[in-house]
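What follows is a set of notes on a single structure, which appears directly below.
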Amino acid sequence: MEILLFDSPDDVARVGADIVERAVRRPAGAVLGLATGTSPLGIYRELIRRHRDDGLSFASTRAFLLDEYVGLARDHPASYARFIESEFVGQVDFAPGAADGPNGTAADLVAECERYEAAIAAAGGIDVQLLGIGADGHIGFNEPGSSLGSRTRIKTLTAKTRADNARFFSSSPDDVPRHVLTQGVGTISRAGHLVLVALGKAKAAPIALAVEGPVTAMVPASALQLHPHVTVLLDTAAASRLRLIDYYRETQAGKPPWQVP
Ligand code: F6R
663 MEILLFDSPD DVARVGADIV ERAVRRPAGA VLGLATGTSP LGIYRELIRR HRDDGLSFAS
723 TRAFLLDEYV GLARDHPASY ARFIESEFVG QVDFAPGAAD GPNGTAADLV AECERYEAAI
783 AAAGGIDVQL LGIGADGHIG FNEPGSSLGS RTRIKTLTAK TRADNARFFS SSPDDVPRHV
843 LTQGVGTISR AGHLVLVALG KAKAAPIALA VEGPVTAMVP ASALQLHPHV TVLLDTAAAS
903 RLRLIDYYRE TQAGKPPWQV P
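Position one of the sequence shown corresponds to residue 663 (the numbering used here), numbered consecutively onward.
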């Protein structure tokens, strides 16, 4: 697991966008795993800028979202399908239908989860998976107690996550759906490269647990410790509770120029 620390969210966004750009520029094209929420927004904005200014093309790229609320149609203002369309996919040149997400309004949600797993597998798996982390250590919407081997399925959100996400809804946490479809921890763990982004002091405690605590279903992000290729991009506030912070800084400062994340 590589831990990289930056003074500003702009630097986090630049390095995150570098990782995505390298994958997207591969001749075979890339399959991206996209997170919603605030953490990856800087990366998306930097990729949109590179598309407009530098001609970075996503025409051969496919994408899979991490999760979706049950009961929200894709065109609902708070749906994750709508979020990713307006914040990233719709602002660059993905081919029509190249970005898929779990359908939270499917008549048969269990069948929809199976369809989604099969679609990811048929695309050859995810090359680069962007991740945020919840205050309770969730990745995707895998709340504490999620099986570390889980696949895409229906989950119930904790009250804390619903309160945290109420900002995307018009009024109170009561408007946030209780149920979601989410890639499982096991699904996420099959991606080739996991890129976890965390910004701000509120993420310091879950980052410390995920990176330096025991691997446990109580902190689903701790499963990243078992993955062979993980990059954790942090601002100084999110990194502030890491015990080995001086070591991470020293390692980062001594990186040879050819060694990219
Ligand atoms: C979103 C997702 C969640 C968020 C996490 C952090 O698709 O899967 O795990 O990444 O809740 O959210 P932000 O970035 O808004 O703090």
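C-beta: ideal position from N, C-alpha, C; glycine also.
Keep in mind it's a predicted model, so treat the numbers as computed, not measured.
Where residue i falls: helix, strand or coil (DSSP)
{"i": "V873", "result": "helix"}
{"i": "R813", "result": "coil"}
{"i": "E664", "result": "strand"}
{"i": "L861", "result": "coil"}
{"i": "T700", "result": "coil"}
{"i": "L906", "result": "coil"}
{"i": "T767", "result": "coil"}
{"i": "V674", "result": "helix"}
{"i": "V881", "result": "strand"}
{"i": "S851", "result": "helix"}
{"i": "V772", "result": "helix"}
{"i": "R688", "result": "coil"}
Beta-carbon spacing of residue i, residue j below 8 Å
{"i": "V682", "j": "H713", "result": "no"}
{"i": "V842", "j": "E664", "result": "no"}
{"i": "G802", "j": "T844", "result": "yes"}
{"i": "G799", "j": "L871", "result": "yes"}
{"i": "G695", "j": "L810", "result": "no"}
{"i": "A675", "j": "I705", "result": "yes"}
{"i": "L666", "j": "P923", "result": "yes"}
{"i": "D789", "j": "G846", "result": "no"}
{"i": "L819", "j": "S851", "result": "no"}
{"i": "P839", "j": "G763", "result": "no"}
{"i": "S812", "j": "G787", "result": "no"}
{"i": "R815", "j": "C775", "result": "yes"}
{"i": "A690", "j": "L709", "result": "no"}
{"i": "A761", "j": "I746", "result": "yes"}
{"i": "A797", "j": "P882", "result": "no"}
DSSP beta-bridge partners of residue i
{"i": "T823", "result": "Its beta-bridge partners do not exist; DSSP assigns none."}
{"i": "A761", "result": "A725"}
{"i": "G695", "result": "F726 and Q791"}
{"i": "D897", "result": "F668"}
{"i": "T913", "result": "Bridge partners of T913: none, in fact."}
{"i": "L843", "result": "E730 and I816"}
{"i": "L856", "result": "Q791 and V892"}
{"i": "I801", "result": "N804"}
Of the listed residues the options, nearest to residue i (C-alpha basis)
{"i": "P739", "options": "A828, A853 and G854", "result": "A828"}
{"i": "S670", "options": "P918, W920, L895 and Q914", "result": "L895"}
{"i": "A685", "options": "R707, D673, S884 and F720", "result": "F720"}
{"i": "A743", "options": "T723, N765, P758 and A757", "result": "N765"}
{"i": "A785", "options": "T823, G733, I907 and A692", "result": "A692"}
{"i": "Y909", "options": "Q887, A885, P882 and E874", "result": "E874"}
{"i": "G699", "options": "G787, F750 and D770", "result": "F750"}
{"i": "L703", "options": "T767, L904, L861 and K817", "result": "L861"}
{"i": "L904", "options": "V881, A690 and K865", "result": "K865"}
{"i": "A769", "options": "S701, A735, G759 and L886", "result": "A735"}
{"i": "K822", "options": "I907, E805 and P876", "result": "E805"}
{"i": "S741", "options": "A757, T767, G717 and D716", "result": "T767"}
Exercise for the section: For the region 706 to 757, list the beta strand (DSSP E) runs that are entirely contained and at least 3 residues long, ordered along the chain. Expected result: 724 to 727 and 729 to 731
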